[in-house]
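Chemist: Chains as they are written, first to last, in the working numbering: chain A, 1 to 344; chain B, 345 to 1130. Think of the CB as a built atom: it goes at the ideal place given N, C-alpha and C, for glycine as much as any other residue. Have a look at the structure that comes next, please.
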Amino acid sequence: MDIQKRIDELETALKKELENVKTMNDLQNVKSKFLGKKAEISGFMKHMKDLPNEEKPAFGKAVNEGKQRLSGLIENKREELRKAAIEEKLRKETVDVTLDAPDYAPGGVHILNRIVEEIEDLFVGMGYKIKEGPEIETDEMNFEKLNLPKDHPARDMQDSLYITKELLLRTHTSPVQVRTMLEYGGKKPVKIICPGKVYRRDDDDATHSHQFLQIEGLVVDKQTTMSDLKGTLLTIARAMFGEKREIRLRPSYFPFTEPSVEVDVTCANCEGIGCGICKQTGYIEILGAGMVNDFVLRQSGYDPDVYQGFAFGVGIERVAMLKYGIEDIRHFYTNDLRFNTQFK
Amino acid sequence: MKVSLSWLQEYVSLEGITPDELASTLTLRSQEIENVYNLVEADTLIIGEVLDVSKHEKADKLSVCRVDTGKDKLQIVCGAPNVAKGQKVVVALPGATLAGGLRIEKTTLRGVESNGMICSLSELGIEYKYHHEDGIHVLADTAPVGEDALEYLSLNDTVVELDLTPNRSDLLSMHGVAYDVAAIYDRKLKLPMPEIITANQDNPFTIETDTEKCPSYYARILDNVTIAPSPRWLQARLIAAGIRPINNVVDITNYVMIETGQPLHAFDLETLTSEKVLVREAKQGETFVTLDEEKRTLEEGDILITDGQKPIALGGVMGGLDTEVSDSTVSLLLESATFDPRQIRRTSSRLDLRSESSIRFERGVDPEKTRYALDRACAFLATYAKASIRNGVRYFDNHKRKKRIIPITLDKVNKVLGSSYSVNEVQNVFDRLDFSYEEKEGRFLVEAPSRRVDIQTYQDLIEEIGRLKDYNELPDTLPSTVSVGALSPYQQFKRKIRSTLSALGLSEAITYALREKERINDLTRENESPVELSKPLSKAHHALVLTPLTGLFDVVAYNKARKQESVHLFEIGKRYRKNEEPERLGIAMHGPYHPRHWQKTPPTDFFTVKGVVEALQKALRLPELDYEKTTIDNYHPHQTAVVKAGDTTLGHIGKVHPEYAEQYDLEDVYLAELAIDKLYSVAEKDATYRTVAKYPHISRDLALVVDADLPAGELLKTVERTLGERLSESRVFDVFTGKTIGEGKKSLAIRLIFEAREETLQSSDVDADIERVVEALKDTHDARLR
Chain A
1 MDIQKRIDEL
11 ETALKKELEN
21 VKTMNDLQNV
31 KSKFLGKKAE
41 ISGFMKHMKD
51 LPNEEKPAFG
61 KAVNEGKQRL
71 SGLIENKREE
81 LRKAAIEEKL
91 RKETVDVTLD
101 APDYAPGGVH
111 ILNRIVEEIE
121 DLFVGMGYKI
131 KEGPEIETDE
141 MNFEKLNLPK
151 DHPARDMQDS
161 LYITKELLLR
171 THTSPVQVRT
181 MLEYGGKKPV
191 KIICPGKVYR
201 RDDDDATHSH
211 QFLQIEGLVV
221 DKQTTMSDLK
231 GTLLTIARAM
241 FGEKREIRLR
251 PSYFPFTEPS
261 VEVDVTCANC
271 EGIGCGICKQ
281 TGYIEILGAG
291 MVNDFVLRQS
301 GYDPDVYQGF
311 AFGVGIERVA
321 MLKYGIEDIR
331 HFYTNDLRFN
341 TQFK
Chain B
345 MKVSLSWLQE
355 YVSLEGITPD
365 ELASTLTLRS
375 QEIENVYNLV
385 EADTLIIGEV
395 LDVSKHEKAD
405 KLSVCRVDTG
415 KDKLQIVCGA
425 PNVAKGQKVV
435 VALPGATLAG
445 GLRIEKTTLR
455 GVESNGMICS
465 LSELGIEYKY
475 HHEDGIHVLA
485 DTAPVGEDAL
495 EYLSLNDTVV
505 ELDLTPNRSD
515 LLSMHGVAYD
525 VAAIYDRKLK
535 LPMPEIITAN
545 QDNPFTIETD
555 TEKCPSYYAR
565 ILDNVTIAPS
575 PRWLQARLIA
585 AGIRPINNVV
595 DITNYVMIET
605 GQPLHAFDLE
615 TLTSEKVLVR
625 EAKQGETFVT
635 LDEEKRTLEE
645 GDILITDGQK
655 PIALGGVMGG
665 LDTEVSDSTV
675 SLLLESATFD
685 PRQIRRTSSR
695 LDLRSESSIR
705 FERGVDPEKT
715 RYALDRACAF
725 LATYAKASIR
735 NGVRYFDNHK
745 RKKRIIPITL
755 DKVNKVLGSS
765 YSVNEVQNVF
775 DRLDFSYEEK
785 EGRFLVEAPS
795 RRVDIQTYQD
805 LIEEIGRLKD
815 YNELPDTLPS
825 TVSVGALSPY
835 QQFKRKIRST
845 LSALGLSEAI
855 TYALREKERI
865 NDLTRENESP
875 VELSKPLSKA
885 HHALVLTPLT
895 GLFDVVAYNK
905 ARKQESVHLF
915 EIGKRYRKNE
925 EPERLGIAMH
935 GPYHPRHWQK
945 TPPTDFFTVK
955 GVVEALQKAL
965 RLPELDYEKT
975 TIDNYHPHQT
985 AVVKAGDTTL
995 GHIGKVHPEY
1005 AEQYDLEDVY
1015 LAELAIDKLY
1025 SVAEKDATYR
1035 TVAKYPHISR
1045 DLALVVDADL
1055 PAGELLKTVE
1065 RTLGERLSES
1075 RVFDVFTGKT
1085 IGEGKKSLAI
1095 RLIFEAREET
1105 LQSSDVDADI
1115 ERVVEALKDT
1125 HDARLR
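What follows is the structure, given as structure tokens:
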């Protein structure tokens, strides 16, 4: 028997059978058939003893090489099947990458509170502390200690919502300043801002809200000047409305400050040239400010011969409306999600 | 205050200053200017004479007029019923522009040519309230044909409207405005001095007061008054000032009030019952009919002017109907007085009766102008009402004319403003303001003039210097105070609540604190009477909320009604009480949470909102929370729990009762409310580090059959109590009921996780623990292994 020829025949037969192998199972059967204990090639070694000695090495070598070749073919096929199986598995995992993801959209802080936080951060960076206080205030704290005695004409500027004769919803966060000065006992410098809700007797419309948010600031020290106020206001205006903004101070009147000013910022829309938003003036009014009235210092335990200070107040809604071009103040309190979620 | 520039020019030259320049300068140095406008926004108006009038053949209401305009005789079609032959009228020629931008062109009206328009005052832009004329305006017979009509009517004027702050009562007069303009532009001021010639007959009146609320009262008597329309220039100036011309007497009192800031009142002398004026305070409940024909019920303290017997005026606020000047008035008692500002304010605001006069009195008038104004008005009445003035002014005047001398130093000025002004610069400001002062080595003694009641302290003087020098010239510096800025730990805690809930997909809302009184307790855990406004804004804004859930629930309804599917909200609000306002976190959830669109989204239920609360528990370093089933009005009776940390009740979570939700077209709304101060008090202030276990943990599962109504939390508590430290975690991972378990029973599958911190934990070590747990669960809850 020409062993080499037989092995070649077996190899050809194996190749042919492997062509039809589709599964690992098929492969196992084919492997048993060609390389198993009962396989023809496994029987060849039994013939060795019948061969002359000089032929034995060549025969043995041929059989072993033959086994390796057959085995190699099967292993190649196995690898081929394995790869195909993985391919198939992954193919079945195909996704449409254009389909929508689940909606994990974050919610968000209300735009008004976000602006409050931004202003707080700005002032914390300049060494201010943040003070809060009650919204239900006494007439004394909200008005009288701030140089607004009963029957004072300036009370018309802040038509208020009373609960009892002596209790009302605060019309500004100034009482927090009074409370802080009293807490500090007239001894140490004050450098605070006071954010919070305030209330006025107003009918709600596009530009009025009976409830709104305000931030007031107060600095009291031995050498606090109106120029310090001006520099501080310029810093806020630029932080809120952009580095290119300029401010303008105009005389005004608040009973708790003297001198009092109103502060305009150059219109961001027209860069101060004049447009519909700034009513052709080039400026937009953003806040009120002034040097703390001696009466208020005295009422709050500070000696006006030693201390002087400045105060300012800004309406948050107004800042938001100017910054984003929001046309109706009621949006802030309606909480339509189509509005609220625009400000992430 | 509406300032006629032609009027202002009488006292201070405005040469070289355009109205717009004046307005922007006043805005920066004095008061904000609200508006600048021409009294009449029309041009090319001339005086014409109607030569004849005939009916339009094709239109009943139209007349065809021939009008002499000096140069031409024009045919003009006119629609006014009062047009008549011989009238002198205002004609707008073709090419003219009338109020509101109306262009006049040569046109044909129903086949008849019309070469212009005969105008009414309204068409010139003078509001109806100032003239009450329905048809065309008819000029005096003496009006010169062909001349400029606006000039003739003195209506060619520009008005600058000041938005006055309450302190500047001096600017409620033309004189006051003139003082300020003169100071700002450093120009000369010239105020007129009234000259009056009196008759021989004496003023017989006696003037007395029973109240200190009327510190001064001056009166003159005038006879032979001819009631007639005021001269055109005077009417025009009143219109510019916003006052309707009535007749010469009333107009002159108003004119002098606007000029000087001192309100005046004229009584018809014949209606007075005696030759006496007595000022007294009203009695409680006393009634009086004011000249607007309203019967006013007075209160103690209101100031009444009486003729000794009956009231004739509500002092400083409004005159009486019975003593009003009429067309038949011949003699006058003319009053010029001052009143207590606070009382005037009290009376006028209580009666809701704000008059030009009360506005001035409540801000304070210059007592030095009281006599001046009286004489000024008398001089006008002599000229324009042919009045004769009786000899003598009768008056009392109890004003303490104490000079207000205010000391101030240059150092203080510069220390407050942060400026470096010199003595000369400050002197210059006082000079321009016409304030008298003495100065020595930078120390000033300044006398505040009586016209400036707002100048009381050195700070008021600094304001004058600041504004006249222009605040915008000051340097920009920052406070030199050195301090550490920071959010308080509690403020940081609130920010963490906001950021955590935002990251979880909830949107922050801000809702109104004032709500309908009836709904305040709807969603609260503990009912109580809300704080209410004494005079509510409206039914919708009446009382203060006790929980932010009141507003949040409505926000859910609002968004649901607008087809928003997923509405997940939070708000940091308050429980408003008179003496404390504890902050409350409200959470409201409705609709798919993290919706998966084309995939299956787990339904939003009680556990969705509980999950959010648990996320907060971890983010805020709260201790383990306990949930105890409870009932709250308007909440689902079987899906509501109080949230506790140990003994501290933090709040509640639950589903809104379907019947309540249905009233607002809602279903399946889940709410949570947590007391922020309590959360803060139980939260660990900072993180605590524990080493990470080196060895793998061992977990064991137990399936237990228990009574169906046993809360799983109770079972787990027993497990935790039994095993203590050895157990690192325990949770329910399956709940099952069914026939195989038995009626009234349920199966709970729990997983226990044991963590080995020190050494490798052997499975056998845990076996004993499991036995102990099973035993304990059997004893405590009658639980049996499944």
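1) What is the DSSP secondary structure of B:Ala857, reduced to helix, strand or coil?
2) Could you tell me the alpha carbon to alpha carbon distance between A:Ser300 and B:Ala901, rounded to whole angstroms?
3) Can you tell me whether B:Gly990 is helix, strand or coil according to DSSP?
4) Can you find a C-beta in chain B that's less than 9 Å from the C-beta of A:Lys383?
5) What residues match up with B:Arg1044 in a beta bridge as DSSP calls it?
6) In angstroms, rounded to a whole number, what distance separates the CA positions of B:Lys534 and B:Asn379?
7) Taking Cβ-Cβ distances shorter than 7 Å, what residues in chain A pair up with B:Gly762?
8) I'd like to know if A:Pro175 contacts chain B, where contact means its C-beta is closer than 9 Å to some C-beta of that chain.
9) Beta-carbon separation of B:Ile931 and B:Ile854 under 9 Å?
10) Given this structure, state the Cα-to-Cα distance separating B:Tyr979 from B:Glu870, to the nearest angstrom.
11) Tell me which residue opens and which closes the beta strand (DSSP E) that B:Ser398 is part of.
12) Looking at C-beta atoms only, is the number of pairs between the stretch 983 to 1003 of chain B and the stretch 916 to 927 of chain B that lie closer than 8 Å three or more?
13) Name, in chain order, the residues that DSSP records as bridge partners for B:Asn735.
14) Using a cut-off of 9 Å between C-beta atoms, extract the partners of B:Leu831 located in chain A.
15) Hey, does B:His475 have any beta-carbon neighbour from chain A nearer than 9 Å?
16) Pick from A:Tyr199, A:Asp228, A:Gly288, A:Val265: whose alpha carbon is nearest that of A:Lys244?
17) Whole angstroms is fine: what's the gap from A:Arg114's alpha carbon to B:Leu1010's?
18) So B:Gln353 contacts chain A; which residues on that side make the cut at Cβ distance below 8 Å?
19) From B:Lys759 to A:Val292, what does the alpha carbon distance come to, in whole angstroms?
20) So with Cβ pairs under 9 Å, would you call A:Thr235 a contact of chain B?
21) If you follow the alpha helix (DSSP H) that B:His519 is part of, which residue opens it and which one closes it?
22) Exposed or buried, what is B:Trp942 when buried is set at 16 or more other beta-carbons lying within 10 Å of its beta-carbon?
23) Hey, quick one: how far does the alpha helix (DSSP H) through B:Glu706 stretch, first residue to last?
24) My output table needs one value for A:Pro175: the three-state DSSP class, helix, strand or coil.
25) Quick one: give me the first and last residue of the alpha helix (DSSP H) that A:Lys33 is part of.
26) For A:Thr348, count neighbouring Cβ atoms within 10 angstroms of its own Cβ and tell me buried if that reaches 16, exposed if not.
27) Starting from the C-beta of B:Val669, find all residues in its chain whose C-beta is less than 8 Å away, skip the five residues before and the five after it, and write them out in chain order.
28) Quick one: list the residues of chain A neighbouring B:Leu372, beta-carbon separation under 7 Å, in chain order.
29) Can you tell which of B:Ala1031, B:Phe724, B:Glu958 has the C-alpha that lies nearest to the C-alpha of B:Gly569?
30) Determine, using beta carbons only, whether B:Gly460 and B:Pro425 come nearer to each other than 9 Å.
31) Using C-beta distances below 6 Å, list every residue in its chain close to B:Ser692, excluding the 5 sequence neighbours before and after it, in chain order.
32) DSSP three-state call for A:Ala101: helix, strand or coil?
33) Quick check on this structure: which residue in A:Leu234, A:Asp305, A:Phe332 has the alpha carbon closest to the alpha carbon of B:Pro333?
34) For A:Asp221, which residues in chain B fall below 8 Å Cβ to Cβ?
35) For a quick check, are the C-beta atoms of B:Val899 and B:Leu858 less than 9 Å apart?
36) A:Ile215: buried (16+ other C-beta within 10 angstroms of its C-beta) or exposed?
Modeler: Answer, in terms of the structure:
1) coil
2) 46 Å
3) coil
4) In the structure as shown, chain A begins at 1 and stops at 344. Residue 383 of chain A is therefore absent and cannot be evaluated.
5) B:Leu1096
6) 26 Å
7) Thr225, Met226, Ser227, Asp228
8) no
9) no
10) 13 Å
11) 389 to 399
12) no
13) B:Asp546
14) Glu120, Asp121, Val124, Lys129, Ile130
15) no
16) A:Val265
17) 30 Å
18) Those within 8 Å of B:Gln353 in chain A number zero; the least Cβ separation is about 24 Å.
19) 14 Å
20) yes
21) 518 to 529
22) exposed
23) 700 to 707
24) helix
25) 24 to 35
26) Not covered by the structure: residue 348 of chain A. The range shown for chain A is 1 to 344.
27) Ile571, Asn591, Val593, Val594, Ala610, Phe611, Asp612, Leu676
28) Arg250
29) Correcting the residue identity first, residue 569 of chain B is Val in this sequence and not Gly. Ranking B:Ala1031, B:Phe724, B:Glu958 by Cα distance to B:Val569 puts B:Phe724 first.
30) no
31) Val661, Arg698, Ser702
32) coil
33) Examination of residue 333 of chain B is not possible in this model, given that chain B is present from 345 through 1130 alone.
34) Pro823, Ser824, Thr825
35) no
36) buried
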